[in-house]
Amino acid sequence: EYENVQGELVTYTPHFDRRHNINVIFSYVTGPKKQWEFNVRWNFGTGFPFTQVQGFYEHLALSDGVNSDYPNENGQLGIIYGELFGGRLPTYHRLDIDIKKNFYLGAHTKFVLDLSVINLYNRENIFYIDLITNEIVYQLPFMPSLGLNFYF
Numbered sequence: 007e008y009e010n011v012q013g014e015l016v017t018y019t020p021h022f023d024r025r026h027n028i029n030v031i032f033s034y035v036t037g038p039k040k041q042w043e044f045n046v047r048w049n050f051g052t053g054f055p056f057t058q059v060q061g062f063y064e065h066l067a068l069s070d071g072v073n074s075d076y077p078n079e080n081g082q083l084g085i086i087y088g089e090l091f092g093g094r095l096p097t098y099h100r101l102d103i104d105i106k107k108n109f110y111l112g113a114h115t116k117f118v119l120d121l122s123v124i125n126l127y128n129r130e131n132i133f134y135i136d137l138i139t140n141e142i143v144y145q146l147p148f149m150p151s152l153g154l155n156f157y158f
């Protein structure tokens with residue numbers, strides 16, 4: 007909040023104002039020589055603020071003054087914005103898992119097989135909304151990965 011010139015308190019929401027962010031992490035190692043490693047991470051966050059669009063207008067440049075061919079010219083699209091950061095995106099959450107298996111080849115040599123999945127339940131978390139087309143762009147989808155590491 008801040009005080010304007012009239013002495014009134016004005017609430018201002020910063021661009022990256024995420025009021026709540028929770029991370030729950032679970033990690034478990036088991037087996038002979040600790041061969042298996044299981045990791046789970048769940049992330050929850052309240053939605054970020056954004057400025058909503060109230061409407062559009064056409065801006066004509068009229069570069070030649072009254073001689074401009076304004077009935078046949080296409081102007082530039084102008085955007086009428088709402089209150090600065092007056093809207094909020096929906097809440098964000100996702101579940102990530104990781105499973106690793108160690109294969110020991112010697113005292114100082116091993117392979118590690120790694121299976122990971124980002125966004126296990128394929129939650130459509132909004133990254134942003136295109137102001138012109140109103141198209142929603144989502145963040146990471148269900149994304150599995152498989153890796154093999156060699157340590158020596």
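All residue numbers for the sequence shown refer to this note's numbering, where the first residue is 7 and numbers rise by one. In this text, a Cβ means the ideal position worked out from N, Cα and C, and glycines have one as well.
The beta strand (DSSP E) enclosing residue i, as first and last residue numbers
i: H99; result: 98-110
i: Q60; result: 59-65
i: G13; result: Run containing G13: none; DSSP gives neither H nor E here.
i: L119; result: 116-124
Contact under 8 Å by Cβ, residue i with residue j
i: G88; j: Q60; result: yes
i: L95; j: I138; result: no
i: P50; j: H99; result: According to the sequence displayed, residue 50 carries Phe and not Pro. Their beta carbons are under 8 Å apart, which means F50 touches H99 by this criterion.
i: F6; j: P55; result: In the structure as shown, the chain starts at 7 and stops at 158, and residue 6 therefore has no counterpart that could be examined.
i: W48; j: V35; result: no
i: S74; j: L83; result: no
Selected residue, minimal CA-CA separation from residue i, among the options
i: F158; options: L121, H114, G13, L83; result: H114
i: L152; options: I142, V143, L137, D104; result: D104
i: L126; options: D102, Y110, F117; result: D102
i: N78; options: L66, L154, K116, Y110; result: L66
i: V118; options: D23, P55, F156; result: F156
i: I85; options: F91, I31, Y63, Y134; result: Y63
i: T57; options: V123, Y18, Y8, E130; result: Y18
i: M149; options: E130, N140, S33; result: E130
i: Q41; options: Y134, D120, I124, L146; result: D120
i: R25; options: T97, I124, D136; result: T97
8 Å contact criterion, which residue i and residue j should meet: CB distance rounded
i: E43; j: K106; result: 4 Å
i: L154; j: I124; result: Actually they are not in contact, since the Cβ atoms of L154 and I124 sit about 18 Å apart, beyond 8 Å.
Item to check | Ordered list of beta strand (DSSP E) runs contained in the region 35-94, each at least 3 residues | outcome: 42-51, 59-65, 82-87
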